[in-house]
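J.: Provided herewith is a single structure, encoded as structure tokens, for subsequent inquiry.
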Amino acid sequence: MREMVANSRRPGCRGIGCSFRSCTSLRAYGVAADLESELGVAVVSSNLAFGWHLLRLAGINDQLEGLGRLFSPRARKMTEKPLPERGFPDAEFVARAARAQAMMAERDLDALLVSTKPEVRYLTGFHTPFWQSPTRPWFVILPAAGRPVAVIPGIGASAMGNTWVTDIRTWPAPRPTDDGLSLLVETLTELTGGGGRTPVRIGLPMGHETHVRMPLTDLDVLRERIAPASFVDATDVVRGLRMVKSDREIAKVAHICEVVSGAFEEIGDLLSVGMTEREAFRAFRIDPPRARCR
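The sequence shown begins at 31 in our numbering and counts up one residue at a time.
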């Protein structure tokens, strides 16, 4: 990324260049996803001052000395505040799992199966660009007690190994004839007691704003192969978990809200009488770095 920053310099601009004009540009350079992972919240603004703050989070402070001259004193002061802790410690995920397991016990669930990026990341901290591939399913199972178990393509084993998850089971994906299905069935059966308890209930988010990230035909086969165990809607579990924020989460959200609010306070310095809405919008999202580099 440092090379991209260096290559983005333009004649007459003393900063890192005009390529980093907004968080949209940050996304184009693949920076935003890493920042979201480290900070634990979404990148939600494309304002200039906020973009600078994101670059600081990316660890390229040495590239920002010139760019700092492009900002108002208020914006510089805002971005000079101490940064929050990056990412989350294992203790955060331990607490999340414990809360989830308490809710599972209340609902008589033997395990919780999740397969989407938000839920997998929430329970494990796992982050990878391979989520962008629609051909690879990823599964995490939270048993009634203990740590989550990952059932994932082999290509993700190294990244998952950097999380607090220690039981990582893989298959050589993509394998259309059996893309992790047999391994998932075996793991679910093992973690729920091998079918000894009747009936075995496995939580699976099925409600609004949820989906199962695997082929529908595989899901049908999975239902058949785990019988007499059955899937039970666990939308209220995952939703309830995320609705109640921990102190660490609150601190991160508060920090980002403060940064974004500060960026919006700069609007008055960008607008002028007679501007059209289109011009005002461009001034807020795109033009400031270019105008100040001229």
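Using N, Cα and C, we set each Cβ at its ideal position, and we do this for glycine too.
For a test of the three-state rule: what should DSSP assign to residue 163, helix, strand or coil?
T.: coil
J.: With distances taken from CA atoms, which of 112, 113, 128 and 144 is nearest residue 236?
T.: 144
J.: Just grab the DSSP bridge partners of residue 212 for me.
T.: In DSSP, residue 212 forms no bridge with anything.
J.: What does DSSP give as the partner residues of residue 179 in its beta bridges?
T.: Its beta-bridge partners are 171 and 197.
J.: Flag this pair as yes or no: are the beta carbons of residue 264 and residue 142 separated by less than 8 Å?
T.: Contact flag set, yes.
J.: Can you look up residue 140 in the DSSP assignment and give me helix, strand or coil?
T.: coil
J.: From which residue to which residue does the beta strand (DSSP E) around residue 232 run?
T.: 231 to 234
J.: Say whether the stretch 292 to 307 touches the stretch 156 to 169, bearing in mind that this needs 3 or more beta-carbon pairs closer than 8 Å, one atom from each stretch.
T.: no
J.: For residue 214, tell me which candidate among 185, 188 and 255 has the shortest Cα-Cα distance.
T.: 255
J.: For the candidate residues 162, 163 and 146, whose alpha-carbon lies nearest to that of residue 155?
T.: 146
J.: Going by the beta-carbon positions, is the gap between residue 231 and residue 153 smaller than 8 Å?
T.: No, the pair does not count as a contact, with Cβ atoms beyond the cut-off.
J.: Between which residues of its own chain and residue 305 is the CB-CB distance below 8 Å, once the five residues before and five after are set aside?
T.: 313
J.: Cutting at 7 Å between CB atoms, please list the residues of its own chain near residue 281, excluding the five before and the five after it.
T.: 114
J.: Take residue 195 and list the residues in its own chain whose beta-carbon comes closer than 8 Å to its own, dropping the five residues that flank it on each side.
T.: Same-chain partners within the cutoff: 154, 156, 170, 177, 178, 179 and 180.
J.: Look at the alpha carbon of residue 310 and the alpha carbon of residue 243, and state the distance between them as a whole number of angstroms.
T.: 40 Å
J.: Between the C-alpha atoms of residue 234 and residue 249, what's the straight-line distance to the nearest angstrom?
T.: 11 Å
J.: Using the DSSP secondary-structure output, state which residues sit across from residue 263 in a beta bridge.
T.: 234
J.: For residue 282, report the span of its alpha helix (DSSP H) as first-last.
T.: 277 to 295
J.: Suppose contacts are defined by Cβ-Cβ distances below 8 Å. Is residue 133 in contact with residue 270 by that definition?
T.: yes
J.: Where residue 253 and residue 260 are concerned, what is the direct C-alpha to C-alpha distance, given to the nearest angstrom?
T.: Going by the C-alpha atoms only, they are around 7 Å apart.
J.: Looking at C-alpha atoms only, which residue of 185, 197, 136 and 137 is the closest neighbour of residue 204?
T.: 185
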